[in-house]
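Residue numbers (full-length UniProt numbering): 1 to 159.
Have a look at the structure below, then the notes.
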(Lines of atoms letter the chains of each structure in order from A and count residues from 1; the text may use other names and numbers.)
(Lines give C-alpha, C1' and ligand atoms only; values in the text may rest on other atoms or scores of the structure.)
Protein backbone atom coordinates (compact mmCIF):
# COMPACT_ATOMS: atom_id res chain seq x y z
CA UNK A 1 0.00 0.00 0.00
CA UNK A 2 2.84 2.39 0.80
CA UNK A 3 4.45 1.65 -2.57
CA UNK A 4 1.15 2.39 -4.31
CA UNK A 5 0.94 5.80 -2.63
CA UNK A 6 4.55 6.57 -3.46
CA UNK A 7 4.02 5.47 -7.07
CA UNK A 8 0.93 7.68 -7.27
CA UNK A 9 2.91 10.74 -6.18
CA UNK A 10 5.84 9.88 -8.45
CA UNK A 11 3.47 9.42 -11.40
CA UNK A 12 1.93 12.82 -10.69
CA UNK A 13 5.41 14.39 -10.55
CA UNK A 14 6.37 12.72 -13.84
CA UNK A 15 3.22 13.99 -15.53
CA UNK A 16 3.80 17.53 -14.26
CA UNK A 17 7.40 17.34 -15.49
CA UNK A 18 6.18 16.12 -18.90
CA UNK A 19 3.78 19.06 -19.06
CA UNK A 20 6.60 21.52 -18.46
CA UNK A 21 8.85 19.67 -20.91
CA UNK A 22 6.17 19.73 -23.61
CA UNK A 23 5.65 23.44 -23.04
CA UNK A 24 9.41 23.93 -23.35
CA UNK A 25 9.58 21.93 -26.57
CA UNK A 26 6.74 23.99 -28.01
CA UNK A 27 8.95 27.07 -27.60
CA UNK A 28 11.51 25.75 -30.08
CA UNK A 29 11.50 28.50 -32.68
CA UNK A 30 13.53 27.03 -35.51
CA UNK A 31 11.30 24.61 -37.32
CA UNK A 32 11.87 22.65 -40.54
CA UNK A 33 15.64 22.28 -40.26
CA UNK A 34 15.44 19.07 -42.24
CA UNK A 35 12.87 16.49 -43.19
CA UNK A 36 11.43 16.61 -39.68
CA UNK A 37 10.94 19.51 -37.35
CA UNK A 38 13.35 20.25 -34.51
CA UNK A 39 10.83 19.40 -31.82
CA UNK A 40 9.99 15.92 -33.13
CA UNK A 41 12.48 13.89 -31.09
CA UNK A 42 11.85 15.73 -27.79
CA UNK A 43 8.11 15.29 -28.28
CA UNK A 44 8.56 11.55 -28.90
CA UNK A 45 10.55 11.21 -25.67
CA UNK A 46 8.10 13.37 -23.72
CA UNK A 47 5.17 11.37 -25.07
CA UNK A 48 6.82 8.09 -24.14
CA UNK A 49 7.61 9.28 -20.61
CA UNK A 50 4.07 10.67 -20.22
CA UNK A 51 2.58 7.35 -21.38
CA UNK A 52 4.72 5.47 -18.87
CA UNK A 53 3.71 7.97 -16.19
CA UNK A 54 0.04 7.36 -17.00
CA UNK A 55 0.63 3.60 -16.79
CA UNK A 56 2.26 4.06 -13.38
CA UNK A 57 -0.63 6.28 -12.28
CA UNK A 58 -3.25 3.74 -13.37
CA UNK A 59 -1.36 0.88 -11.74
CA UNK A 60 -0.98 2.72 -8.44
CA UNK A 61 -4.65 3.77 -8.38
CA UNK A 62 -5.68 0.18 -9.11
CA UNK A 63 -3.45 -1.12 -6.29
CA UNK A 64 -4.80 1.49 -3.88
CA UNK A 65 -8.43 0.66 -4.71
CA UNK A 66 -7.79 -3.07 -4.49
CA UNK A 67 -5.97 -2.70 -1.18
CA UNK A 68 -7.66 -2.27 2.15
CA UNK A 69 -7.95 1.14 3.73
CA UNK A 70 -7.43 3.12 0.56
CA UNK A 71 -7.48 6.40 2.48
CA UNK A 72 -4.52 8.55 1.49
CA UNK A 73 -2.49 9.50 4.57
CA UNK A 74 0.67 11.40 3.67
CA UNK A 75 3.48 12.53 5.94
CA UNK A 76 5.46 15.00 3.81
CA UNK A 77 8.65 14.74 5.84
CA UNK A 78 8.66 10.94 5.58
CA UNK A 79 7.74 11.16 1.90
CA UNK A 80 10.66 13.52 1.21
CA UNK A 81 13.06 11.29 3.13
CA UNK A 82 11.96 8.19 1.19
CA UNK A 83 12.15 9.93 -2.20
CA UNK A 84 15.00 12.34 -1.54
CA UNK A 85 17.16 11.17 -4.44
CA UNK A 86 14.27 11.28 -6.92
CA UNK A 87 13.20 14.76 -5.85
CA UNK A 88 16.75 16.11 -5.89
CA UNK A 89 17.32 14.59 -9.34
CA UNK A 90 14.26 16.42 -10.68
CA UNK A 91 15.48 19.64 -9.07
CA UNK A 92 18.92 19.18 -10.64
CA UNK A 93 17.38 18.57 -14.07
CA UNK A 94 15.33 21.74 -13.70
CA UNK A 95 18.38 23.76 -12.67
CA UNK A 96 20.38 22.25 -15.54
CA UNK A 97 17.79 23.33 -18.09
CA UNK A 98 17.58 26.78 -16.49
CA UNK A 99 21.34 27.48 -16.45
CA UNK A 100 22.00 25.88 -19.85
CA UNK A 101 21.10 29.07 -21.69
CA UNK A 102 23.19 31.26 -19.40
CA UNK A 103 26.50 29.43 -19.02
CA UNK A 104 26.41 27.13 -22.03
CA UNK A 105 26.43 23.41 -22.63
CA UNK A 106 29.93 22.51 -21.53
CA UNK A 107 30.11 24.20 -18.14
CA UNK A 108 26.51 23.46 -17.17
CA UNK A 109 26.87 19.79 -18.15
CA UNK A 110 30.03 19.38 -16.08
CA UNK A 111 28.36 21.02 -13.07
CA UNK A 112 25.23 18.91 -13.59
CA UNK A 113 27.15 15.62 -13.78
CA UNK A 114 29.20 16.42 -10.68
CA UNK A 115 26.14 17.41 -8.65
CA UNK A 116 24.18 14.39 -9.90
CA UNK A 117 27.05 12.14 -8.86
CA UNK A 118 27.02 13.55 -5.33
CA UNK A 119 23.24 13.09 -5.11
CA UNK A 120 23.11 9.52 -6.43
CA UNK A 121 26.42 7.93 -5.42
CA UNK A 122 26.57 5.94 -2.21
CA UNK A 123 30.35 5.56 -2.20
CA UNK A 124 32.36 8.69 -2.87
CA UNK A 125 35.32 8.80 -5.22
CA UNK A 126 38.01 11.44 -5.13
CA UNK A 127 36.81 14.78 -6.46
CA UNK A 128 39.41 14.95 -9.21
CA UNK A 129 38.25 11.57 -10.59
CA UNK A 130 34.65 12.77 -10.73
CA UNK A 131 35.69 16.10 -12.26
CA UNK A 132 37.90 14.45 -14.88
CA UNK A 133 35.23 11.89 -15.76
CA UNK A 134 32.53 14.52 -16.17
CA UNK A 135 34.80 16.72 -18.31
CA UNK A 136 35.76 13.80 -20.55
CA UNK A 137 32.15 12.60 -20.91
CA UNK A 138 30.92 16.12 -21.67
CA UNK A 139 33.70 16.65 -24.23
CA UNK A 140 32.94 13.34 -25.95
CA UNK A 141 29.22 14.14 -26.11
CA UNK A 142 30.04 17.64 -27.38
CA UNK A 143 32.17 16.24 -30.19
CA UNK A 144 29.55 13.66 -31.14
CA UNK A 145 26.68 16.13 -31.23
CA UNK A 146 28.59 19.07 -32.71
CA UNK A 147 30.62 17.31 -35.39
CA UNK A 148 29.09 13.93 -36.10
CA UNK A 149 25.40 14.84 -35.76
CA UNK A 150 25.62 18.58 -36.58
CA UNK A 151 23.47 19.48 -33.58
CA UNK A 152 24.15 22.97 -32.31
CA UNK A 153 24.54 23.04 -28.54
CA UNK A 154 23.87 26.16 -26.45
CA UNK A 155 26.84 28.46 -26.04
CA UNK A 156 25.33 30.54 -23.26
CA UNK A 157 25.08 34.25 -22.59
CA UNK A 158 27.85 34.50 -20.01
CA UNK A 159 30.42 32.26 -21.73
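For glycine and all other residues, C-beta sits at the position ideal for the given N, C-alpha and C.
Cβ of residue i within 8 Å of Cβ of residue j?
i, j, result
"residue 105", "residue 142", "yes"
"residue 47", "residue 15", "no"
"residue 8", "residue 57", "yes"
"residue 64", "residue 121", "no"
"residue 130", "residue 114", "yes"
"residue 42", "residue 100", "no"
"residue 112", "residue 102", "no"
Specify the secondary structure class of residue i as computed by DSSP and reduced to three states.
i, result
"residue 119", "helix"
"residue 98", "helix"
"residue 53", "helix"
"residue 43", "helix"
Is it buried or exposed for residue i, if we count other Cβ within 10 angstroms and need 16 for buried?
i, result
"residue 110", "buried"
"residue 108", "buried"
"residue 150", "exposed"
"residue 55", "exposed"
"residue 148", "exposed"
"residue 127", "exposed"
"residue 26", "exposed"
"residue 152", "exposed"
For the segment 79-93 and the segment 129-146, state whether three or more C-beta atom pairs, one from each stretch, are separated by less than 8 Å.
no
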